[in-house]
Amino acid sequence: MTAFSVVNVESSHLYYNCEQFFRECARVLRRGGYLCWIDLRYQAEAESTREQAKRAGFIEDRWSDVTENVLQGIKHTAARYDEILQKSPFFVQLFSASLRATYCAPGTHTYARFVRREKGYYSALWKKDS
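Numbering (the UniProt record's numbering), first residue to last: 1 to 130.
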């Protein structure tokens with residue numbers, strides 16, 4: 001059985017072997033099928049990610065840097081998460097710094113990496129070579 005599309009959202013940066021991930025996507029997709037992908041990468045890794053997809057047999061249809069959009073979204077969601085965190089039990093608040101870094105709240109080192117463009121958010125649409 002083959003699939004027409006594979007959708008991957010904010011997870012491939014955690015994979016042990018991203019090249020294997022792209023090969024597996026190519027294996028399960030039918031000819032002409034699409035891999036829709038969005039994830040974060042350090043700037044130095046962005047081009048190698050594109051090369052990995054190409055080596056797996058994908059043709060890049062679209063590549064976009066969506067970092068600015070993501071930063072705007074983070075500002076809104078982080079404000080809501082901060083409110084929830086402030087109302088949380090004391091023992092949860094003990095981990096505030098770590099939790100805020102996890103959701104990239106403004107003022108954290110994780111948020112600053114995106115602002116300084118050390119990291120970026122990218123979206124891609126790749127087509128399996130037919």
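Cβ coordinates follow ideal geometry from the N, Cα and C atoms, glycine included.
Under the three-state reduction of DSSP, which class applies to residue i: helix, strand or coil?
i: residue 61; result: strand
i: residue 31; result: strand
i: residue 115; result: helix
i: residue 121; result: strand
Which same chain residues end up closer than 6 Å to residue i when comparing Cβ atoms and leaving out the 5 residues on each side of it in sequence?
i: residue 124; result: 37, 63
i: residue 121; result: 40, 66, 67, 70
Any idea if residue i is buried or exposed, counting beta-carbon neighbours within 10 angstroms, 16 or more meaning buried?
i: residue 43; result: exposed
i: residue 117; result: exposed
i: residue 35; result: buried
Can you pull the DSSP bridge partners for residue i?
i: residue 73; result: Paired residue(s): none; residue 73 is not in a bridge.
i: residue 9; result: 38
i: residue 128; result: 58
Using a Cβ-based criterion (distance less than 7 Å to any ligand heavy atom), does residue i qualify as near the ligand GDP?
i: residue 70; result: Ligands in the displayed structure: none, and consequently the ligand GDP is not present.
Who are the near neighbours of residue i in its chain, counting only those whose CB is closer than 8 Å to its CB and skipping five residues on each side?
i: residue 18; result: 12, 49, 52
The region 86-99 in contact with the region 21-34 per 3-pair CB rule at 8 Å: no
Given 8 Å, three or more beta-carbon pairs between the region 99-117 and the region 62-81: yes
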